[in-house]
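Numbering (my numbering), first residue to last: 339 to 691. Glycine is no exception: its CB is placed at the ideal position from the N, C-alpha and C atoms.
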Ligand code: IPM
Ligand code: MN
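What follows is the structure, encoded as structure tokens:
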């Protein structure tokens with residue numbers, strides 16, 4: 339299989355975790371006789387330092403002509419003063435929008451050996467297997483922003499078409515899983531949420547009658563996620579609610595560092611990134627958890643390259659590495675933590691394909 343993959347290490351721990359993801363890609367390429375062209379591009383704060391902008395034109399065109407994009411993380415104190423006009427996050431939002439990747443899949447599974455790693459009781463989190471589908475290219479993130487002397491505003495807009503396509507994406511995934519979909523909104527307060535609820539109800543009745551649909555208000559969803567997380571299968575929600583709830587949900591798995599994501603649009607091209615940030619506090623020390631990135635590589639193989647066997651092999655290798663105790667500081671018992679590189683190595687030695 340021939341594929342072009344854009345690699346965007348970004349900032350903070352981004353380059354460290356990406357290095358392990360790239361090693362996995364290279365290993366799979368060798369074993370499967372694939373022809374992967376990896377093209378590394380500057381992005382985020384690193385690109386601001388280099389070119390003055392977070393998403394340089396050449397980075398964008400490389401991503402647009404690639405089969406998939408693998409991204410580390412962006413941002414950091416150097417580029418985050420509120421008065422700065424150019425910010426790394428603008429590059430990420432512009433990239434998501436330009437690639438048209440409106441469906442952000444964030445699966446949360448609690449690994450059997452890690453139910454004790456969560457701050458929640460293990461009997462609450464054991465067996466959790468849920469999938470968030472976050473709308474990624476609309477809502478308050480992209481509405482008009484205004485700043486005046488004594489006030490500021492961010493507009494939240496959703497069109498019928500934007501809601502239709504995200505609910506279809508989520509419903510198709512629910513069909514392949516346990517057939518249950520929870521749609522999260524704030525329909526008791528927000529007009530965009532009332533439209534959301536109407537459209538979701540209509541599409542589900544007409545096109546997915548076999549998927550059980552439940553509507554939930556976002557505040558209640560935040561509560562139920564920690565109270566009875568096992569009851570959830572697929573959850574679909576708008577951009578900002580999804581941002582907040584997926585950080586919350588990551589704690590079910592024990593660490594933000596474990597969770598991958600795939601952002602998909604109409605075609606096969608996707609943007610893959612761990613859901614954690616650039617973690618400037620631990621950057622450069624070689625102790626970050628690379629598993630969120632390695633699992634994002636697995637999603638890339640499955641969704642953009644159609645290499646399902648490779649994807650599963652990589653996921654199984656990560657599970658085996660965790661079982662064997664290859665755990666970075668965020669998920670290790672005191673004194674037993676491995677480095678980012680050692681965790682990557684533990685995956686590679688268990689990769690059977
Ligand atoms: C995420 C991040 C981004 C978001 C930031 C960095 C813009 O928090 O991917 O969840 O809010 O979408
Ligand atoms: Mn976030």
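Query                                                                                                                             : Result
Where residue 654 falls: helix, strand or coil (DSSP)                                                                             : helix
Which residues DSSP lists as bridging residue 473, in chain order                                                                 : 441
Residue 349 Cβ short of 7 Å to the ligand MN heavy atom set                                                                       : no
Beta carbon of residue 512 nearer than 8 Å to that of residue 549                                                                 : yes
Sufficient close CB pairs (3 or more, under 8 Å) joining the region 465-476 to the region 435-449                                 : yes
Under 6 Å, CB to nearest heavy atom of the ligand MN: contacting residues                                                         : 581 and 585
Separation of residue 634 from residue 657, as counted between CA atoms                                                           : 14 Å
Residue 473: CB within 7 Å of a non-hydrogen atom of the ligand IPM                                                               : no
Residue span of the alpha helix (DSSP H) that contains residue 566, given as start and end                                        : Note, residue 566: premise wrong, no alpha helix (DSSP H); not H, not E.
Any non-hydrogen atom of the ligand IPM within 7 Å of residue 393 CB                                                              : no
Separation of residue 487 from residue 608, as counted between CA atoms                                                           : 40 Å
Which residues DSSP lists as bridging residue 551, in chain order                                                                 : 519
contact_flag[the region 343-361, the region 610-626] where n(CB pairs < 8 Å) is 3 or more                                         : yes
Where residue 649 falls, given that 16 or more other Cβ within 10 Å makes a residue buried                                        : buried
For residue 575, the three-state DSSP class (helix, strand or coil)                                                               : strand
Status (buried if at least 16 other CB within 10 Å, exposed otherwise) for residue 668                                            : buried
Distance cut-off 7 Å: residue 433 Cβ against heavy atoms of the ligand IPM                                                        : no
Local Cβ density within 10 Å of residue 544, reported as buried at 16 or more and exposed below that                              : exposed
Contact the region 368-384 vs the region 580-587: 3+ CB pairs below 8 Å                                                           : no
Continuous alpha helix (DSSP H) stretch holding residue 693: start and end                                                        : No statement about residue 693 is possible, as the shown extent of the chain runs from 339 to 691 and does not include it.
Residue 652 beta carbon near the ligand IPM (any heavy atom closer than 7 Å)                                                      : no
Closest by C-alpha distance to residue 359, when choosing among 632, 690, 678 and 645                                             : 632
Candidates 452, 422, 342 and 424: closest to residue 661 by CA position                                                           : 452
Through-space distance from residue 552 to residue 410, alpha-carbon basis                                                        : 34 Å
Expected contact under 8 Å - CB spacing of residue 517 and residue 475 to nearest Å                                               : So it is not a contact: roughly 27 Å between Cβ atoms.
Beta-carbon contacts of residue 554 that lie in its chain and below 6 Å, excluding the five residues immediately before and after : 520 and 522
Beta-carbon gap between residue 629 and residue 670 smaller than 8 Å                                                              : no
Proximity to residue 594 [Cα-Cα], best of 577, 393, 643 and 444                                                                   : 444
Residue 369 burial status per 10 Å Cβ neighbour count (16 or more: buried)                                                        : exposed
Assigned exposure category for residue 422 - 16 Cβ within 10 Å defines buried                                                     : exposed
Endpoints, alpha helix (DSSP H) assigned at residue 636                                                                           : 629-641
With 16 other Cβ atoms within 10 Å as the buried cut-off, status of residue 526                                                   : exposed
The region 561-575 contacting the region 597-615, beta-carbon criterion three pairs below 8 Å                                     : no
CB contact flag (residue 342, residue 405, <8 Å)                                                                                  : yes
Check whether residue 365 and residue 407 have beta carbons under 8 Å apart                                                       : no
Bounding residues of the alpha helix (DSSP H) (the contiguous stretch that carries residue 395)                                   : 395-402
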